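For reference, each letter of the sequence shown is one residue, going 6 to 364 in the numbering used here.
From the three backbone atoms N, C-alpha and C, an ideal C-beta is built for every residue, glycine too.
Treat the numbers as computed from the prediction; the structure is a model and nothing was measured.
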Amino acid sequence: MRAQTARRDSTDPLATSQDIAAAAAIAPRPLAALLADPYVEVIVHAGRQDVAILRRAWASDVRNVFDTQIAAGFAGASAQAGYGNLLGAMLGRRVGKTASYTRWDARPLTPEQLHYAAEDVAHLLELADEIQRRLSESSRLEWAREECRRLESATEERDPESAWERLPRVRQLDPRSRAVARAVAAWRERTAASEDRPVGSVLADPTLVEIAKRHPADLERLAQIRGMHRSVVRRRGPSILESIKLGLADPPIPRERAREHAESADVPLIVLAEALLRARALEAGLAYELIASRAELELIVGAARRSDPEPQVRTLTGWREQLVGRDLRDLLAGRSTLSVGQGRRLTLKPASGGADDRR
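Shown next as structure tokens:
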């Protein structure tokens, strides 16, 4: 972490100390207050989950977050660039990954793990400085900070009763099995929360879906389902069976109507809009994924076709609005045309044929 105030710029030793064990022993309350201080810059990489956990565990805000993965997307890198890849590309540094898949929930941590933990953040501040330098030169730093501010509201909170909707292939289940999936998924969410562990470690998604599909009535049948190892059946079997009974007693959940897909006439416009946005992203040195998704473009194009109010999507707000909002509206309204110009680059021109090209 780096603290920046009007009078000084200092670095907290937690960010660079090789003594990870000493850092881990620090009481959480003072550190929580530090993370909530808007004058302290909190540097993370792919830190959404970390911020969410800290907000929940310490009941504290985390302010002024700068995420190097998010910010790198504004400096020409992929929106999902890994920490090691960014270090190599921007600083010419390499970090080992020898302890990536070791047991980090076991205590005490091994010397190898402690070294890995220190090495994993040793260059984070330097990386953040380099990204911020590049973004300052391209006048994109404020855009990156705007995007990083969204992390301040990151949360782990999940509604147990709607958790089943995120399961793979759950839409293929019949109405009765869907009710079972809802009950078992809700049990899994509450169990994971009470034990403070990931939901997947309580019961894997594919196993849960298969349980919902077959809704076994006893432990013997439950044990026949793939993923239900003997230890899991012994520890969690009775609770799972009780959840199955609750689901079978609930009203079946009918299959919802399929989400309205874009009309066939919309598809060329969606592709055209995506071409414009990709061109703008390339010109601005941004990762396209930061600007729009296919689903957002479907909503925008569909609303334009129906003359509906604009949808509330990120593409038409904030820095994205500055970058592509006006041009996208003009293109979809027929006020502008897209063509291949000099250097085989896409060029946006007024539909009347005026000369004031907008690139």
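Check, Outcome
"Pairs of beta-carbons, one from the stretch 117-130 and one from the stretch 318-337, closer than 8 Å: are there three or more?", "no"
"Between the Cα of Val345 and those of Ala280, Glu301, Arg138, spot the shortest distance and give me the residue it belongs to.", "Ala280"
"I believe Val204 touches Arg187 by the beta-carbon criterion, under 8 Å. Please report the beta-carbon distance rounded to the nearest angstrom.", "Wrong, their Cβ atoms sit about 14 Å apart, outside the cutoff."
"Decide if Gln229 is buried, meaning its Cβ has at least 16 other Cβ atoms within 10 Å, or exposed.", "exposed"
"If distances are taken between C-alpha atoms only, which option among Val49, Arg285, Gly323, Val47 comes closest to Arg350?", "Arg285"
"List, from N- to C-terminal side, the alpha helix (DSSP H) runs of 4 residues or more that fit wholly inside the stretch 179-205.", "180-200"
"Can you tell me the Cα-Cα spacing of Arg195 and Thr320, whole angstroms?", "35 Å"
"For Leu92, which residues from the same chain have a beta carbon less than 8 Å from its beta carbon, with the 5 sequence-adjacent residues on both sides left out?", "Arg98, Arg99, Val100, His128, Leu132"
"Any idea which residues DSSP pairs Lys354 with across the strands?", "Thr342"
"Which one or two residues does DSSP pair with Ile245 in a beta bridge?", "Note: Ile245 sits in no beta bridge, so no partner."
"Assuming the contact rule is C-beta atoms closer than 8 Å, Ala159 and Arg68 should be a hit. Round their C-beta distance to whole Å, please.", "With 8 Å as the limit, Ala159 and Arg68 do not qualify as a contact, their Cβ atoms being about 12 Å apart."
"Against chain E, does Glu315 count as a neighbour if the rule is that its beta carbon must be under 8 Å from one of theirs?", "Going by chain labels, chain E is absent from the structure shown, which holds only one protein chain."
"Since Asp72 is in the beta strand (DSSP E), which residue starts that stretch and which ends it?", "70-72"
"Roughly how many angstroms separate the alpha carbons of Asp66 and Ile48, rounded to a whole number?", "15 Å"
"How many angstroms separate the CA atom of Gly172 from the CA atom of Ser341?", "Checking the sequence shown, residue 172 turns out to be Leu, not Gly. Straight-line Cα distance between these residues: approximately 42 Å."
"Only counting the same chain, and skipping five residues up and downstream in sequence, which positions put a Cβ closer than 6 Å to that of Arg334?", "none"
"What's the C-alpha gap between Leu178 and Lys218?", "7 Å"
"In angstroms with no decimal places, state the Cα-to-Cα distance between Ala297 and Pro273.", "17 Å"
"Over what stretch of residues does the alpha helix (DSSP H) that includes Ile305 continue unbroken?", "299-311"
"Shortest alpha-carbon distance to Gln54 belongs to which of Ser206, Glu157, Ala270?", "Glu157"
"With DSSP collapsed to three states, give me the class of Ile216.", "helix"
"May I have the straight-line CA-CA distance separating Arg108 from His50, to the nearest angstrom?", "21 Å"
"Would you say Leu277 and Leu336 are within 8 Å of each other, going by their C-beta atoms?", "yes"
"Looking at the unbroken alpha helix (DSSP H) that takes in Tyr121, where does it start and where does it end?", "116-126"
"Between the C-alpha atoms of Gly81 and Ala289, what's the straight-line distance to the nearest angstrom?", "8 Å"
"Please list, in chain order, all residues of the same chain as Ala38 whose beta carbon is under 8 Å from its beta carbon, the five residues on each side excluded.", "Ser65"
"Is Pro388 helix, strand or coil by DSSP?", "Because the chain is modelled from 6 through 364, residue 388 falls outside the range shown and cannot be assessed."
"If you count every other CB in all the chains shown that lies within 10 Å of the CB of Glu265, and 16 or more means buried, which is it?", "Because Glu265 carries a pLDDT of 49, less than 50, the predicted location of this residue cannot be relied on, and no value is offered for it."
"Please report the distance separating the alpha-carbon of Glu170 from that of Ala149.", "32 Å"
"What whole-angstrom Cβ distance do Leu213 and Val189 have, given they're in contact under 8 Å?", "6 Å"
"Would you list, in sequence order, the uninterrupted alpha helix (DSSP H) runs of no fewer than 4 residues that lie entirely inside the stretch 50-112?", "53-63, 73-77, 88-91"
"Could you tell me the alpha carbon to alpha carbon distance between Ala8 and Ala191, rounded to whole angstroms?", "Confidence at Ala8 is low in this model, with a pLDDT of 39, below 50, so the placement of that residue is unreliable and no value is reported for it."
"Who are the Cβ neighbours of Gly252 in its own chain at under 8 Å, not counting the five residues just before and after it?", "Ala184, Val185, Ala186, Arg187, Ala188, Val189, Ala217, His220"
"Report yes if the CB atom of Glu161 is closer than 8 Å to the CB atom of Ile58, and no otherwise.", "yes"
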